[in-house]
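So in this note's numbering, the last spot in the sequence shown is 494, and the numbers never skip. Idealized CB from N, CA, C, for every residue including glycine. Model, not experiment: these values are computed from the prediction. Below is one structure, written out as structure tokens; comments come after it.
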Amino acid sequence: MNNPIKDLTIKEWILWLGSLWIVIISNLVSGDVDILTLVAACIGITSLIFAAKGNVWAQILMVVFSVLYGIISWRFRYWGEMITYLGMTMPMAVWSTITWIKNPAENGKEVAIQKLNGRHIVGLLFFGTIATAVFYDILYVLKTPNIVFSTISVTTSFLAASLTMLRSSYYALGYASNDIVLIVLWVLASMENPAYIPVVVNFVIFFFNDMYGFVSWKKRERVCSMTAN
């Protein structure tokens, strides 16, 4: 596992530091700085930057982020988010770490990209449906606030984590979709408690970083295809 920081381009440095700056400022401006939320956001942003590079450290940081975000969700009784990240995203990030280590690209600095086949797609749809149904029942029993969006978040989180494990460039679209759902969830939460407004800002920043990750992986995928031909 090489040092991912030394491989960042100037553009990526600007994106990384700019994202951190916006998140930190938004937390400070809110007047009620929540250290846990701030630390989780900074770790999450760093994970996304490393993920865009295809570096395995992204998955290691995702494990840490999942624990912190699970705690944040627990405090607002977003049981779906807590269970999803601690019971699904975190274990799958561990699995992805192993998968990424075992499948390096030729340069040894990043993970090799895998194209999805029919079996992958069928599996994603099948298990995604099961996960959604099971979690909906759990969320209903727990009387989770905003259960519709919480359930959708389970689905998008499952697809994003699975695509990451499969080393597909579409993992970033999965996370970007999840970001949109989470923005809605935390906007609703911030209407009850303005202290959660920085969390909304965090996921807006996550969305742009995930989209950069998608563009970065598709670009690398095209280069690999041209090299193979």
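Quick one: what does DSSP say residue i is sitting in, helix, strand or coil?
{"i": "P369", "result": "strand"}
{"i": "V376", "result": "strand"}
{"i": "P463", "result": "helix"}
{"i": "N267", "result": "coil"}
{"i": "Y343", "result": "coil"}
{"i": "P410", "result": "coil"}
{"i": "R432", "result": "coil"}
{"i": "L381", "result": "coil"}
{"i": "K318", "result": "coil"}
{"i": "G393", "result": "helix"}
{"i": "S295", "result": "coil"}
{"i": "N474", "result": "helix"}
{"i": "L273", "result": "coil"}
Residues in its own chain within less than 7 angstroms of residue i by CB, not counting five upstream and five downstream?
{"i": "V452", "result": "V465"}
{"i": "F468", "result": "D444, L447, I448, W451"}
{"i": "P269", "result": "F315, K318, N320, W322"}
{"i": "S291", "result": "P463, V466"}
Whose C-beta lies closer than 6 angstroms to the C-beta of residue i among residues of the same chain, with five residues either side of it excluded?
{"i": "A437", "result": "D475, G478, F479"}
{"i": "L381", "result": "S433"}
Can the beta-carbon of residue i be found closer than 8 angstroms to that of residue j?
{"i": "L254", "j": "H385", "result": "Lying outside 266 to 494, the shown extent of the chain, residue 254 is not represented and no answer is given."}
{"i": "S312", "j": "A323", "result": "yes"}
{"i": "V321", "j": "T362", "result": "yes"}
{"i": "E277", "j": "I314", "result": "yes"}
{"i": "S331", "j": "A358", "result": "yes"}
{"i": "A317", "j": "S481", "result": "yes"}
{"i": "S422", "j": "L404", "result": "no"}
{"i": "V288", "j": "I470", "result": "yes"}
{"i": "G283", "j": "R485", "result": "no"}
{"i": "W258", "j": "M347", "result": "As displayed, the chain neither begins before 266 nor continues past 494, which places residue 258 out of reach and without an answer."}
Please look up how many angstroms separate the CB atoms of residue i and residue j, rounded, as I've assumed it's under 8 angstroms.
{"i": "A460", "j": "D299", "result": "7 angstroms"}
{"i": "K326", "j": "I337", "result": "Sequence check: residue 326 is Leu here, not Lys. Not really, about 16 angstroms apart at Cβ, beyond 8 angstroms."}
{"i": "P229", "j": "Y343", "result": "A question about residue 229 goes unanswered here, because the residues of the chain that appear run from 266 up to 494."}
{"i": "T397", "j": "V413", "result": "No, T397 and V413 are not in contact; Cβ-Cβ is about 12 angstroms, not under 8 angstroms."}
{"i": "F472", "j": "A441", "result": "6 angstroms"}
{"i": "G345", "j": "F391", "result": "No, G345 and F391 are not in contact; Cβ-Cβ is about 21 angstroms, not under 8 angstroms."}
{"i": "N267", "j": "K374", "result": "5 angstroms"}
{"i": "W286", "j": "L273", "result": "Not quite, the Cβ-Cβ distance comes to about 16 angstroms (not below 8 angstroms), so this is no contact."}
With a threshold of 8 angstroms between beta carbons, is residue i in contact with chain C?
{"i": "V321", "result": "In the structure shown, chain C does not exist; there is a single protein chain."}
To which residues of the same chain is residue i closer than 8 angstroms at the C-beta, ignoring the five residues directly before and after it?
{"i": "L333", "result": "L301, V304, A305, I308"}
{"i": "N458", "result": "F341"}
{"i": "I417", "result": "V446"}
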